[in-house]
Structures are given as C-alpha cells and as structure tokens.
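Undergrad: Protein chains in written order, with the working numbering: chain A, 2 to 81; chain B, 2 to 81; chain C, 148 to 883; chain D, 7 to 239.
I have a structure I would like to understand better, so I am pasting it below and will then ask my questions one at a time.
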Ligand SMILES: Nc1ncnc2c1ncn2[C@@H]1O[C@H](COP(=O)(O)OP(=O)(O)O)[C@@H](O)[C@H]1O
Ligand SMILES: [Mg+2]
C-alpha cells in the first residue's frame, strides 16, 4: 500500500523558500503567481493492506517523527 | 486558482533522506515500512482561472525553474 | 486576533501580559486613563524582564565597564573597543534559550540572526560567530533532539549569511533537561570613526522600516522569554519565529552599503519586542517623540492589528532615522538588494510615541516615564547551601583507564561533531579555527591584526560557589585569549539563571556578578555588553521546579597586533612541554571527581587574581618573544587532559615525566588548580630562566614526539586509541 | 589577465576569492553584480561559493535561471574560461553548463572540514599547477556536495577524462564507499569536473581558503598559479 504524507508550514509561519521562489517566478515573468508555499512530500510503501489502517499508522509516524507539530501541518493520502 | 506541483527524485537517483527516514521509522518500530521516498511540494496560488491554462503554465514553471530534469520528475495537480 | 474579540484591558489582562498589580497601577498613573490594548502591550514588553532588566539592573551597574580602549560600553546595541590601526571591534552575546526549547532549529537560528543584527546595526561587518551551549543530561529523552536542532540551526543560519563560526563551548547537565541554554555571540569590525548609534535626532526626520515584512511571528515572544516553562509551553508554540538567513545576508550588505553614505542619523535592529522596543528606545535615547503610521508597515499577513504589528517579532527587520534629503539614496540601495523599504513615520517634539492605524490613534504614551518609571527590583537574596565535603575516595582505576574514560565524558569529549557543521573558514581570515587554539583567531581584513575570541564558563563551579564561579568564568576567558598570545581587551556576557524571585537564585546572581566584578577589575578586562536570561527552569518528574546551574557565559575578546606571532595548541615534535603555574592537586568539583568518583562535592578551585595576572602576562610575553611555540591552558579535566588535548590537536605523541612527589597521582594529573598553562618550547633553558627571574613556577613535564602518550610507568596509549575515546561520545549520542 | 567574479544575492565567498587571487597572483578581480546586463571584457569568469537565493528550492537553481547566466553561457560557448566553486559548481550544473547534479550530502549534514583531493588531470588551466596524481588539502563547506550523474553521463565523464579532482586519502587512495575519504558520498568520489572543451570547471571544496600558511596552509595555491599561467600566456 502506498501512502503519501504532505507536510506544509502552518498558516502564518514564514516560508522563506516560498517567498524567494515567488519573487524569482515574477522575475521570470510568471506574473500570475500570487503566492508560493513549499512543503515536503513523503511517500511511504507499507506492507499494510487496509487503507484505514495505513492512514492511521502514517498519522502516527507523522506525529512521532515526520512532522514538526510546532510549525507544520500534514495531510495523509492513500495513493494505492 | 490553486495548483500543486509535486516533485520527486527520479528512480535510480539516490535518496539519502528517504533512506534515513526509513531507517528511523524501523527503529521506532514501524516495521511495516518498506520504502520511503522524499520529495517536494510547491503550492502555487495563481490569478489564472482556467484549470487547463493553470496546469500548462505550472508545467512551464516546472521546466524553467522549479524542477531539475536531470534528477527529478514532477506532477501537476489543480487543487481548486 | 480579530477586532471582534479585542479583549478588555484591566488588571487581569495586565497580569496575563506579565505585569504585576503594582506595575499596572504605575501604568494607570502614567497614562492617567485606561490604556488601550496596544498601549498595554507596549508597557508589558518594555517592562518585561527581557527588555527592562528589572531584577538584574541594580547588580549589573556594579560591573566595571571602562578602559582607555573602550569606545562604547553597555547601553548601545553592542560593545565597541579600539583594536588599533583605526579599527574597532564590535561584539555582543545574546541568549535564545526559551525559543530553542520550543523549536530548537528556529530558536537557535533566529538567535544567531538577532545577535548579528545587533552588531552590524552599529556599522560593523560581522567577522565571527561563537556559541555557548548548555544541554540536558545526555540520557534525557529530549537531549538528542535539542542538540541536533540547535546545532543545525546555528550552522544553517551562520553558514548561509557567510560569517564563520569559530568557537564556543558545550556542557551537559541534568539541570538543563528541557531548558537548554543557547547563547550566541557575534564579533564585527568597523572603522573607528564610522560607528552608528541608535539615538534618534532631528525633529521631522523620517522613520524608515527596512528588511522583511511583518507577520504575526513571536507575538508575546519577549514576555514569553521571561516566563518559566511548564506543561503549558506547548500551547505557546504558534508564536515561533522563522529565520530567513538569505534576507539577513541581503540586509547586512544593504545596511553596510548605506553606511558608506551620510544618510543615516540613527539605526537599530528590531529585536525582542520588534517595532515597539526599537521605536521606543531610539526616540527615548534621543529625547524626542516619534509618530508611527502602521498603515505603511510592510505586512505579510492581512488584517493585522496595531497590537500585533507593534509586538510582532518577525525577523530580519531594521528601523532607521534618515536625513530627509537622503531617503532616495537609501531607497535605491534597498531596492537593489530587493528588500522592503518604507517610510513609516517621523520624529516629533512631543516626547510621546504615537501609533496610528487606519486613521485611528492606537497608542499615545509619554516616553520619559515609560523609561524612567520602568520597574527596578532589589529582590531579596539568600546564600546557596555550601557543597558537601568530598567523601571517601576509593580509587580503583589506573591513571590510563581514568584518562580514557574522562576523554569520552560529555564535558570533555571532542566537539568536532559540532564544529564540523559550522563553516569556520569562510572569509579567508581564520587563523585558528575550533580545536586549533585556546581562543579562535581571526585576522582583520587588510591588516595584521588578529582578534582572539572565546566563550567560557564552568557552571558546576558557579553552583558550588557563585563568587568563585563568576570570577573563574572571566579568568578562563582571559587565559584562553592569553594562551594564543593576544592581549585580553573586553568582555561580553550572558548571565543565565533561574527564577530571580527565589532568594537563592537572586543570591547566585549577586554573587556571580560580584566575582565577575573582581576578576574584570583586577585583570583590566571590562564588560562592554551583555544579556541576562532569567526564569530558566523546568519542572522535574515530580513537578518540582529545577533551576539551571548558574551559568554566566563570558565572551572574551583580545587582540594581537601581528597574527604571525600567535600560537595554537598543537605539539611540535622534539620540543619540551613546560607547566607554568603551581600544581596543588585541587580535587573539589573536578570532572574527575564527578565522572570517576560519582561525586559533585567539595569547593571549586580558588582563584588568585594576582597570580593569574602574573602567570598570564608571563606566558603572553614569552609567546611574543618566540620562546613559547604552542600553549594550552589547564582547565576542565586538569593537567593530563590538557596535555592529551594537545596530542590530539597535533597528532604528535609525548612522553610524560615523573610527577611531582607528595601528591596522589590523581590529584596531580586531574586536579583543576587555576592559573596554569602547558606550553611548548624549543628553548627550555631560556624559558625556565625567564620564569625564575619573574618568580613564576615552571617545570618541564613532558617531551613531544612519537605516536602515543607514554606514561612514567612505561605504558603507552596510542593516539588512535585516545582519539577513539574522545570521539565516541557524540557518535553515540546522535546515533539512531 | 582579467578576472570577473559574479555575485548573485546570497553569494558569500566572493571576498575569499578576491583575497585568494590577490594573495597568490597580485591581481585584483572585478566584481560583477548579477543584474548587469553585459559582461565586462574578462578572460575568466568565476562563480564563487555561497547560498545564492538562500539555496532555496535547489542549490544554485535560481541563480542559474538569472538573465546574466545567458551572457555567461554565451561567453562559455565562445570558448571563455569559467570556474565554479561550491555554489558556483551547483549553478553551473543547474544551468546545464556542466553535466550531473549535486545532491544533499550522504550524511544529511553540512560538512565543514578539511579534505584531500587527488588531481586527475594536469593539462587543464585549473590544474596545470599540479602534477597528475598530486594530492592536496582543502577545506570544504557545503550541505549539498554529493555529486550525481546517471550511468550514461558518468561513463562519458570517465571515458572522456573529464574528472579533474576526486576525494582521496592523504596518500592518494580513492574509495567512494569509504565515508572518511569521500565525505559527502559523491559518485566515483568526484569532487570536480571539466567541460568538453576543457575550459569550464566546477568543484565543490574551497582551495581559495587555503592559500596562506598563516591561515593553515597554502595547498590551494597551485589552482591560482595555474590559472595565471594559462591566462598570461
Ligand atoms: N558550540 C561550539 N561551537 C564551535 N566550537 C566549539 C563549540 N564548543 C566547543 N568548541 C570548540 O572546541 C574547543 C574546545 O572547547 P573547550 O573544551 O570549551 O575549550 P577550553 O576548555 O580550552 O576553553 C575550542 O576550540 C572551542 O572553541
Ligand atoms: Mg572553555
């Protein structure tokens, strides 16, 4: 079972990367860009076969290790 | 319009971060983890209103700046 | 915080903001009416421990701050000393303890960013960073995570801005479990006649905001930094500030470029309490009024209130007063560096700070009483209990085994794991980087001048006897600078203690400062800048509040006119090792006693300042004369550890002479008597002769050469084995 | 000899580079701000180290897509000499002027330490101050120095003799699997490569920080001596 964890900075937390990329895209004349936020994606291949269970375990991993709850939020999505 | 660009290392490119996370998860007794790959997600807020057009422009941004074709693959997804 | 929910300002809210009943009463008297929320916010941050030094100010005033070479002492953004050839060194140390507990990476990173701004705001290009770190017990569950984040954060920020991190210190102790100390120091260099101050002047002059946009970062950070931690800490987390070292780098370059013009009247970074403290302090110091229109403040988020903007601690921002006819020049420079630039107000003759937002006056406070009436406490002090006497010593280990165990202990293990993550060579002027000399040595561009830099403190001595500990911290910094051949010039300090409302803690503060004062006075080593961090305590498993060990970190700066005359701590094959100073075998509070005997007992080694001065002056002279080719002071771990560190630094072994008789070997090898240096010479006769003439104890103790440490018994420990013991600690700590 | 050092926002080793050229060759390079639209007439362009644009997104990526890089590409295609060190190397790969990519160090930590490099070719403008097989000491300071190229590219680089420096032991032993010898995990222990025409060179470590015995040694000097010899011929 393949699970995707998407980790983003919380709203209101400064995202220096996103800011710099935004500015650069404007210099490259992608002027339609309003805002950029950069996050991480972690794709996990699990032996688990129940998608319910896979989600739950991934959430545990997120809380225990993969996500810094102080500044980050996350979403879990089962890919296949 | 909100667009998400997911950037992953190509197959065959070493992913030391994924490897380290895999190892750590096993140490934490998430033994169901088979493989971990780490990528980036870039969320773009565009003034564009056609989802077709937004996708196309994001692909251009990817090719021009956001993705390094030597080592990375990408997918574009319209979020809203 | 949104308009609908604006809370009612009353005594209860004031207390939530950290103002006591009496303090709030004073606010009411000053204002003559109920303050607005924004006004209350301004009072609460300006009167917080962090900004007002209300518990420590009375004691700090007793420290010596003057010398002929001191250009600016405490009171400016950083201390300034004359280093010769028309240059000045500008330096300061600052803590980011509480933020580093909440988010170790960002807490430490923004600590580095903040101290850098304190230094370049005065016109100096930063040329070196140092960091004094204190972590919990290595086996405590959070220690690894905090060490990892803090070290990454310091490296991440310093490496990116391109300032070499050249030194520091690290200790581990259970009293820092969950309350690490992260003290960052920056040293910069400016032309002596081009130093920028913060006192605003010129009624009508524009107030300029530059740097990053303002968000809701760290609102309440300044008051948070003064509140002790409990289980509640987690809920305070959303206020974490994130640093952007890239923007900081641009800000450094832009400010230095602008400083080449005559546009700036006054300048100050926005540090703790952001716009509030910078505006209030600049206007206050200049004796003028200031009016801000927050509509012009560059904002990252929408619908920010006046309260939020005034208290935001968004990073990488500066406030300047410019000559009105030069704003265009300034604007161009900041645009070139792609930084925000905004005129957000002007100076007035009202003596008030007036804050407007959306056409409404959100705050109007008279500045003089805000500063003059700031609380000042003479809190009660009480002595700390004397340490238990040294108990029975049942010695079973050989000297060899003991040495290997000590080399691997938390406080003596190699710090290479840390400094290998810090860029220490950038700038191309680093003469001695971490591990290569007792003080780091950085050359000043286009001169032969070297700045010798160090941070020192031995918290276990301070806990056992705060007066001795305070003096010892100063003395060790002075020794480390001396040991490279430099003249110690001045000190910055970072005084980290527990809750000052507890008389015992206040007693430690008073005694540490008393000890520092004596040492600084006799060694002619004045304090020119510093920072105080209080309420460093956390709750143990039983819920009892535990104070950190009293930790007055001392940042020392010295100067050597000709860097080519400086010496490091590496052995030189074929040379003799000579011990300068008297070995008496003091064992109280030694690392040996703690690590090998399991006792934190006894009095710390006594400090004789006249002896320190005599021995140090002798060593410095002999270095400059060329009679000493390498030098290492004897501190933690004693004589044998000092010699071994020299072996490890050079990869050259040595053969130890038979110890002086009349002392047990442990006391001789691991005692921590002060005022001692191990020096390397190829001219032993001359050196011993000179020592004799000056009445300085000196004795040959070892011969350099070979690839191992050869003991008087004939047994040998190879360098490889020593290194393995020394490197194991961090590898084990960070594994997994 | 005219040397231009290009500065992007966030670049921070340009002063080291100037100092090294001054110390070794007596020549003071010109600083070229990234917004300049025309390159001044120079013989060699140096892209120094640092964190251009914070190294956000990918190291060197945003600088590589700056307008001035088109000028530099032009300059290179017309046979100009270009040296990229550290971030400069990353910029050159991101701009496609050199093959491969630089990934995060295998240890996932910033590495600031000394390393030894073995000189693989002594017939380039950058290495003719050494002899093939020479080993020299140099500081390195980077988070992303793990050189990667796909199998085909790697074979091409090896076959065409385009690797100029490899991480090695003090005695010149190369072992890509040994982390003490190949600290960042680079494929085939590659520390520096050169373009097909032998004029564009990229390397990760910082010889410019080791050209003065007072600062710990002068092992990096031959790089600058070699450049001077080539450019003053
Ligand atoms: N946090 C740190 N960052 C950089 N260098 C450090 C750090 N901690 C220790 N060092 C370096 O390690 C070496 C040994 O430190 P320490 O044992 O405190 O020295 P000493 O006891 O001689 O003052 C010094 O060169 C010091 O600068
Ligand atoms: Mg020390």
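For each residue, glycine too, the CB sits at the ideal point set by N, CA and C.
These figures come from a predicted structure and were not determined experimentally.
Within the same chain, show all residues whose beta-carbon is closer than 7 Å to that of residue 749 of chain C, passing over the 5 residues directly before and after it, in chain order.
TA: Within the third chain, numbered from 1, the residue matching residue 749 of chain C stands at position 602. So the list reads 534, 536, 537, 734, 735, 736, 740, once near-sequence residues are dropped.
Undergrad: Are the CB atoms of residue 5 of chain A and residue 53 of chain A within a distance shorter than 8 Å?
TA: Translated into positions along the first chain, residue 53 of chain A becomes position 52. Translated into positions along the first chain, residue 5 of chain A becomes position 4. For residue 53 of chain A and residue 5 of chain A, no; Cβs fall outside 8 Å.
Undergrad: Taking 8 Å as the threshold (beta carbon to beta carbon), is residue 18 of chain B in contact with chain D?
TA: As a working note, residue 18 of chain B is residue 17 in the second chain. It does; some Cβ of chain D falls within 8 Å.
Undergrad: Residue range of the alpha helix (DSSP H) that residue 835 of chain C falls in?
TA: Taking the first residue of the third chain as 1, we reach residue 835 of chain C at position 688. Segment 831-841, the alpha helix (DSSP H) holding residue 835 of chain C.
Undergrad: Of all the options C/610, C/317, C/235, which has the alpha carbon lying nearest to the alpha carbon of residue 602 of chain C?
TA: The count along the third chain starts at 1 and reaches residue 602 of chain C at position 455. The candidate whose alpha carbon is nearest that of residue 602 of chain C is C/317.
Undergrad: Enumerate in chain order the residues of its own chain whose CB-to-CB distance from residue 158 of chain C is below 6 Å, with the five nearest sequence positions on each side excluded.
TA: Walking along the third chain from the start, residue 158 of chain C turns up at place 11. 171, listed in sequence order.
Undergrad: Which class does residue 609 of chain C belong to by DSSP, given the choice of helix, strand or coil?
TA: As a position in the third chain, residue 609 of chain C is number 462, starting the count at 1. DSSP places residue 609 of chain C in helix when its eight states are reduced to three.
Undergrad: Note down the Cα distance separating residue 127 of chain C from residue 175 of chain D, rounded to an integer number of angstroms.
TA: Beyond the ends of chain C as shown, which are 148 and 883, falls residue 127 of chain C; an answer cannot be given.
Undergrad: Would residue 477 of chain C and residue 413 of chain C qualify as a contact pair, given that the criterion is a beta-carbon distance under 8 Å?
TA: Mapped onto the third chain, residue 477 of chain C falls at position 330. Mapped onto the third chain, residue 413 of chain C falls at position 266. No. Outside cutoff.
Undergrad: Show which residues of chain C have a CB atom less than 9 Å away from the CB atom of residue 8 of chain A.
TA: Numbered from 1 along the first chain, position 7 holds the residue referred to as residue 8 of chain A. By Cβ distance, chain C contributes nothing, its closest Cβ being about 15 Å from residue 8 of chain A, past 9 Å.
Undergrad: Do the stretch 183-194 of chain D and the stretch 139-152 of chain D make contact, defined as three or more Cβ pairs closer than 8 Å?
TA: Yes: the two stretches touch, three or more of their Cβ pairs being nearer than 8 Å.
Undergrad: Using DSSP bridges, identify the partner residues of residue 155 of chain D.
TA: By 1-based counting over the fourth chain, the position of residue 155 of chain D is 149. For residue 155 of chain D, which the question treats as bridged, DSSP gives no partner whatsoever.
Undergrad: At the level of alpha carbons, what is the spacing between residue 611 of chain C and residue 679 of chain C?
TA: Mapped onto the third chain, residue 611 of chain C falls at position 464. Mapped onto the third chain, residue 679 of chain C falls at position 532. Spanning the two alpha carbons is a distance of roughly 21 Å.
Undergrad: Flag this pair as yes or no: are the beta carbons of residue 135 of chain D and residue 239 of chain D separated by less than 8 Å?
TA: If you number the fourth chain from 1, residue 135 of chain D lands on position 129. If you number the fourth chain from 1, residue 239 of chain D lands on position 233. In this structure, residue 239 of chain D does not lie closer than 8 Å to residue 135 of chain D by Cβ.
Undergrad: Fully enclosed by the stretch 415-457 of chain C, which beta strand (DSSP E) runs are 3 residues long or longer?
TA: Counting whole runs of 3 or more residues, the stretch 415-457 of chain C contains the beta strand (DSSP E) stretches 436-440.
Undergrad: Is residue 222 of chain C buried or exposed, if buried means 16 or more other CB atoms sit within 10 Å of its CB?
TA: For the purposes of this step, residue 222 of chain C is taken as the residue at position 75 of the third chain. Counting Cβ neighbours within 10 Å, residue 222 of chain C comes out exposed, since fewer than 16 surround it.
Undergrad: Helix, strand or coil for residue 45 of chain D? Go by DSSP, reduced to three states.
TA: Taking the fourth chain and counting its residues from 1, the one referred to as residue 45 of chain D is at position 39. Residue 45 of chain D: coil per DSSP, three-state reduction.
Undergrad: Give a yes or no on whether the minimum CB-CB distance between residue 173 of chain D and chain A is below 8 Å.
TA: Along the fourth chain, read from residue 1 onward, the residue named residue 173 of chain D stands at position 167. Output row for residue 173 of chain D: interface = no.
Undergrad: Helix, strand or coil for residue 338 of chain C? Go by DSSP, reduced to three states.
TA: Counting from one through the third chain, the residue named residue 338 of chain C turns up at place 191. DSSP places residue 338 of chain C in strand when its eight states are reduced to three.
Undergrad: Going along chain A, which residues have a C-beta under 9 Å from residue 389 of chain C?
TA: Your numbering for residue 389 of chain C matches position 242 in the third chain. Neighbours of residue 389 of chain C on chain A, chain order: 10, 14, 15, 16, 17, 72.
Undergrad: Short of 6 Å in beta carbon distance, which residues of its chain neighbour residue 549 of chain C, apart from the five on each side in sequence? Order them along the chain.
TA: Residue 549 of chain C sits at position 402 when you count from the first residue of the third chain. If we look at residue 549 of chain C and ignore the five residues flanking it on each side, its Cβ neighbours are 743.
Undergrad: Excluding the five sequence neighbours on either side, which residues of its own chain have a C-beta within less than 7 Å of the C-beta of residue 199 of chain C, listed in chain order?
TA: As a working mapping, residue 199 of chain C is identified with position 52 in the third chain. Counting only Cβ-Cβ distances below 7 Å, and skipping sequence neighbours, we find 193, 521, 522.
Undergrad: Just checking: is the beta-carbon of residue 338 of chain C within a distance shorter than 8 Å of some beta-carbon in chain A?
TA: Numbered from its first residue, the third chain carries residue 338 of chain C at position 191. No - not a single Cβ of chain A is within 8 Å of the one on residue 338 of chain C.
Undergrad: If you draw a straight line from the alpha carbon of residue 136 of chain C to that of residue 444 of chain C, how long is it in whole angstroms?
TA: Coverage of chain C is limited to positions 148 through 883, which leaves residue 136 of chain C absent and any answer about it impossible.
Undergrad: What separation, rounded to the nearest whole angstrom, lies between the Cα atoms of residue 112 of chain D and residue 139 of chain D?
TA: As a position in the fourth chain, residue 112 of chain D is number 106, starting the count at 1. As a position in the fourth chain, residue 139 of chain D is number 133, starting the count at 1. Going by the C-alpha atoms only, they are around 26 Å apart.
Undergrad: For the stretch 37-53 of chain B, enumerate the residues whose C-beta is nearer than 8 Å to any C-beta of chain E, in chain order.
TA: The question asks about chain E, but that chain is absent: this structure's protein chains are A, B, C and D.
Undergrad: Would you say residue 64 of chain D lies against chain A (beta-carbon separation less than 8 Å)?
TA: The residue you call residue 64 of chain D lines up with position 58 of the fourth chain. Not closer than 8 Å to any Cβ of chain A, the Cβ of residue 64 of chain D fails to qualify, so no.
Undergrad: I'd like to check one pair, residue 215 of chain C with residue 664 of chain C: are the Cβ atoms closer than 8 Å?
TA: The count along the third chain starts at 1 and reaches residue 664 of chain C at position 517. The count along the third chain starts at 1 and reaches residue 215 of chain C at position 68. Cβ distance not < 8 Å, so residue 664 of chain C and residue 215 of chain C don't count as in contact.
Undergrad: In terms of residues, what are the limits of the beta strand (DSSP E) holding residue 388 of chain C?
TA: Here residue 388 of chain C refers to the residue found at position 241 when the third chain is read from its first residue. Residue 388 of chain C -> no beta strand (DSSP E), and no H or E assigned at all.
Undergrad: I need the boundaries of the beta strand (DSSP E) containing residue 39 of chain D, first residue and last residue.
TA: For the purposes of this step, residue 39 of chain D is identified with residue 33 of the fourth chain, where counting begins at 1. Element bounds for residue 39 of chain D: 36-39.
Undergrad: Who are the neighbours of residue 118 of chain D on chain C, taking C-beta pairs under 7 Å?
TA: The residue you call residue 118 of chain D lines up with position 112 of the fourth chain. Simply 567, 568, 569, 570, 571.
Undergrad: Check the Cβ of residue 112 of chain D against every Cβ in chain B and list those closer than 7 Å, keeping chain order.
TA: For the purposes of this step, residue 112 of chain D is identified with residue 106 of the fourth chain, where counting begins at 1. 17, listed in chain order.
Undergrad: To the nearest angstrom, how far is the alpha carbon of residue 40 of chain B from that of residue 255 of chain C?
TA: The residue labelled residue 40 of chain B in the question sits at position 39 within the second chain. The residue labelled residue 255 of chain C in the question sits at position 108 within the third chain. So the two alpha carbons sit approximately 26 Å from each other.
Undergrad: Assuming residue 560 of chain C contacts residue 873 of chain C (C-beta within less than 8 Å), just tell me the rounded distance between them.
TA: Numbered from its first residue, the third chain carries residue 560 of chain C at position 413. Numbered from its first residue, the third chain carries residue 873 of chain C at position 726. Rounded, the Cβ-Cβ distance is 6 Å, consistent with contact.
Undergrad: Using a Cβ distance threshold of 8 Å, determine whether the stretch 691-698 of chain C contacts the stretch 770-783 of chain C, with at least three qualifying pairs required.
TA: With a cut-off of 8 Å, the stretch 770-783 of chain C and the stretch 691-698 of chain C do not count as touching, because too few Cβ pairs lie within range.
Undergrad: In this structure, does DSSP put residue 92 of chain D in helix, strand or coil?
TA: Within the fourth chain, numbered from 1, the residue matching residue 92 of chain D stands at position 86. Residue 92 of chain D: coil per DSSP, three-state reduction.
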